[in-house]
Each structure stands twice: as C-alpha cells, then as structure tokens.
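Since the structure comes first, as structure tokens, the remarks are kept for the end.
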Amino acid sequence: MATSHCRLLVFLRKSADAVPQKANFTQCILDYFGASGNTTSLSCSLDDNKLVVSQPNNTSDGIIMKHPPFCPLHNLQSDQAADIPESTLHRGIDVGVATLLWSSDRKLLLTRRAANLKTFPGVWVPPGGHVELNETLTEAGLRELMEETGLELKVEDCKETRTIALWESAYPPMLSHGLPKRHHVVIYQTVQVSEDHHALQQRLKLQVSEVGAAVWLSENIVHAIGFRGSDETDGGRLPDDMPESIRATVVHPDTQEQVQEDIPTSMLFETAPSIGQDTERISTGTKFAIEQWCRLHPKDS
Numbered sequence: 001m002a003t004s005h006c007r008l009l010v011f012l013r014k015s016a017d018a019v020p021q022k023a024n025f026t027q028c029i030l031d032y033f034g035a036s037g038n039t040t041s042l043s044c045s046l047d048d049n050k051l052v053v054s055q056p057n058n059t060s061d062g063i064i065m066k067h068p069p070f071c072p073l074h075n076l077q078s079d080q081a082a083d084i085p086e087s088t089l090h091r092g093i094d095v096g097v098a099t100l101l102w103s104s105d106r107k108l109l110l111t112r113r114a115a116n117l118k119t120f121p122g123v124w125v126p127p128g129g130h131v132e133l134n135e136t137l138t139e140a141g142l143r144e145l146m147e148e149t150g151l152e153l154k155v156e157d158c159k160e161t162r163t164i165a166l167w168e169s170a171y172p173p174m175l176s177h178g179l180p181k182r183h184h185v186v187i188y189q190t191v192q193v194s195e196d197h198h199a200l201q202q203r204l205k206l207q208v209s210e211v212g213a214a215v216w217l218s219e220n221i222v223h224a225i226g227f228r229g230s231d232e233t234d235g236g237r238l239p240d241d242m243p244e245s246i247r248a249t250v251v252h253p254d255t256q257e258q259v260q261e262d263i264p265t266s267m268l269f270e271t272a273p274s275i276g277q278d279t280e281r282i283s284t285g286t287k288f289a290i291e292q293w294c295r296l297h298p299k300d301s
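Once you know that position 177 of the sequence shown is 177 in full-length UniProt numbering, the rest is easy, because the numbers rise by one and skip nothing.
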C-alpha cells in the first residue's frame, strides 16, 4: 500500500467550472452527486496527482459508479461518525486501481488476497492497489499486476485497455462489522493481451505477502458471475452448468511455494455475510466490474 506522503486522494466537483474540493472521509460520493439509487454516471480523471470525480458532460461520457445498499458511508449516522478516530477522519478518500487481465484465449485472472492483510483478507479480487505520483491509471494497474503476480507487461503489450467501472469501497464493508476504517474509489480497468493463459501461467510468481492464490476463470464462469450480478442475492448456490471445482495456483502455507490445487467453484458465488466473520468470496466491487464487462461483451458476441 502507498505510504501517507504519496497517497492520491479523491477530489469532488459538481460542475466543470467548479474548483475540485478534497472529499471528506465520511462523505458518501453517490450521495454527494445526488444519486437516486446505488448507481450513477460520473467521470474521473487524474489531475495534478488528484483523482477528480465530477458530473460528466453527458451520459455517454460517464462511467457507472456503484456502491452496495449496505455502504457504510451511505448509512452512517452522525453519532456513529463522532466515534470515528480523528486519524481516520483525516485520511480523506483513497484511490485504488484494479486490472481485469484477459488472456488471448479468453481467461480472466483473479487473485485471493493474503490472509494476513488488514483489509478484505482472503477475498478474491483482480490484481490492484494504489496509484503512485505521476502514474497514469494504466501504468499503476500494470505495476500492481507485476508486483502481485510477477507478470510484467508494458502499456504497448496491451491490445486493449479500458476503464469499465467505478466502485465506492469501504472497509469494513458493513456497519454491522464495525465503523469504517478505509474509504476508496476503486477504478476497474480491463486489459487484453496477446498471450494465452498457459504462457502467462508459466511466468506467474505470486507475492506471498499480498496474494494467497490465483485462478484463471473461463469466459463461461465469468458470464455466470456477471449474470448473478453484484446485488449479493442468491449467494452460495452454484449454477447448474458450473463445474464443482476449478484449478488454482495456491501458496502453500508452510513452504510458501506455489502449488496447483482444486478449489470449490461455489466460493465464487458466495456473498458478504451481514454479521460474523467474512467468508471467502469475490468482492462485491469485483462482481460489479465483471457485470459491467459482461454488458460490454455479451455471451454470444
């Protein structure tokens, strides 16, 4: 994660001629822009090492941003906000980028966050992390991809890069799990490369301090996740046409070596529990990004 002196923060602007204002930690971004539900169309750009989020000039210029109905910042009451430590309140809203890496044979790479991480341990996400000073979003995503998986790609290696979704993320993900400690805008980008997943797998070297496992998902499974959507309903039930297990690269807990193991496919369809300990699952934001990717790439296209 980025250290405090080089963290990029979110700035908000309602109109094109307004001066961007640093977002407060407890501000719900969708509420700030008057979203009537859990999604809205916004634009974002890096400007002088700030992520400026604003109203788009028109709908076609915008990117869909979403938060879950249980978003802690949306549901935060004033008495609860008063109990958040000053050190947390002064953080502002951080910026993250996540890369949906697609191989030439239509396989998507997801990684499982290491069990020792402070936020979302054991949850499946695309490789990603913070944006460093003077990086573009694509450069940041590819750097994090390399750091976490050993897959070194240059911008020119990518046949296609596109921002497909914005996600307002908080940790813990629900107030029933505790008051928010982190607040991010996560920018999901999709990257297509010319190598197949077998060639990429040969170069895979997971960073054990951050990643506990990795898996290449078939397009069929990705569409099943996208069809289920990000509303966290019907969790845990495996669709009828899915295999019972899939092959994954897992970091052995004792030797720290990469081994091949079968993991249950049902895990991909688990949802965030409202109370108690979190479960192994794909993050809600990642499900939303996959849902958006599936809208852009219909199953029969």
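Just so you know, even glycine gets a beta-carbon here, dropped at the ideal spot from N, CA and C. In this text, all values refer to a predicted model and were calculated from it rather than measured experimentally.
Chain-order list of residues whose beta-carbon lies under 8 Å from that of residue i (same chain, five-residue window excluded)
i: residue 49; result: 8, 133 and 134
i: residue 209; result: 114 and 116
Inter-residue Cα distance where the pair is residue i and residue j
i: residue 244; j: residue 23; result: 44 Å
i: residue 177; j: residue 266; result: 24 Å
i: residue 276; j: residue 180; result: 16 Å
i: residue 204; j: residue 81; result: 43 Å
i: residue 120; j: residue 172; result: 8 Å
i: residue 122; j: residue 279; result: 8 Å
i: residue 127; j: residue 197; result: 15 Å
i: residue 262; j: residue 58; result: 46 Å
i: residue 231; j: residue 286; result: 12 Å
i: residue 274; j: residue 69; result: 12 Å
i: residue 107; j: residue 115; result: 25 Å
i: residue 4; j: residue 92; result: The predicted model places residue 4 with a pLDDT of 43, which falls under 50 and marks its position as unreliable; any figure quoted below should be read in that light. Using only the alpha carbons, I get a separation of about 11 Å.
i: residue 75; j: residue 28; result: 9 Å
i: residue 237; j: residue 147; result: 34 Å
i: residue 56; j: residue 117; result: 35 Å
i: residue 182; j: residue 88; result: 8 Å
i: residue 16; j: residue 65; result: 18 Å
i: residue 220; j: residue 85; result: 45 Å
i: residue 292; j: residue 21; result: 29 Å
i: residue 149; j: residue 38; result: 32 Å
i: residue 264; j: residue 218; result: 15 Å
i: residue 283; j: residue 174; result: 13 Å
Span of the beta strand (DSSP E), counted from its first residue to its last, around residue i
i: residue 93; result: Premise fails: residue 93 is in no beta strand (DSSP E) and is neither H nor E.
i: residue 159; result: 158-171
i: residue 140; result: Note, residue 140: premise wrong, no beta strand (DSSP E); alpha helix (DSSP H) at 137-149.
i: residue 184; result: 182-193
i: residue 264; result: 258-264
i: residue 248; result: 245-251
C-beta atoms of residue i and residue j nearer than 8 Å
i: residue 26; j: residue 33; result: no
i: residue 309; j: residue 111; result: Lying before the first or after the last residue shown, residue 309 is absent from the chain, which here runs from 1 to 301.
i: residue 224; j: residue 242; result: yes
i: residue 188; j: residue 167; result: yes
i: residue 200; j: residue 151; result: yes
i: residue 36; j: residue 63; result: no
i: residue 170; j: residue 73; result: yes
i: residue 258; j: residue 206; result: yes
i: residue 185; j: residue 51; result: yes
i: residue 191; j: residue 102; result: yes
i: residue 281; j: residue 289; result: no
Range covered by the alpha helix (DSSP H) that runs through residue i
i: residue 13; result: First-last for residue 13: 10-13, but that is the beta strand (DSSP E), not the alpha helix (DSSP H).
i: residue 35; result: Run containing residue 35: none; DSSP gives neither H nor E here.
i: residue 222; result: 219-228
i: residue 286; result: 284-296
8 Å contact criterion, which residue i and residue j should meet: CB distance rounded
i: residue 95; j: residue 130; result: 7 Å
i: residue 125; j: residue 113; result: 6 Å
i: residue 164; j: residue 296; result: 7 Å
i: residue 145; j: residue 99; result: 5 Å
Cβ shell of residue i (< 6 Å), same chain only, five flanking positions each side left out
i: residue 54; result: 13 and 43
i: residue 294; result: 223 and 226
i: residue 77; result: none
i: residue 253; result: none
i: residue 138; result: 155 and 161
Own chain, CB closer than 7 Å to residue i, minus 5 neighbours either side, in chain order
i: residue 239; result: 224
i: residue 299; result: 223
i: residue 105; result: 196 and 197
i: residue 83; result: 179
i: residue 247; result: 260 and 262
i: residue 157; result: 193
Residue i CB to nearest heavy atom of the ligand FMN below 7 Å
i: residue 155; result: Absence of the ligand FMN is noted for the structure shown, with no ligands found whatsoever.
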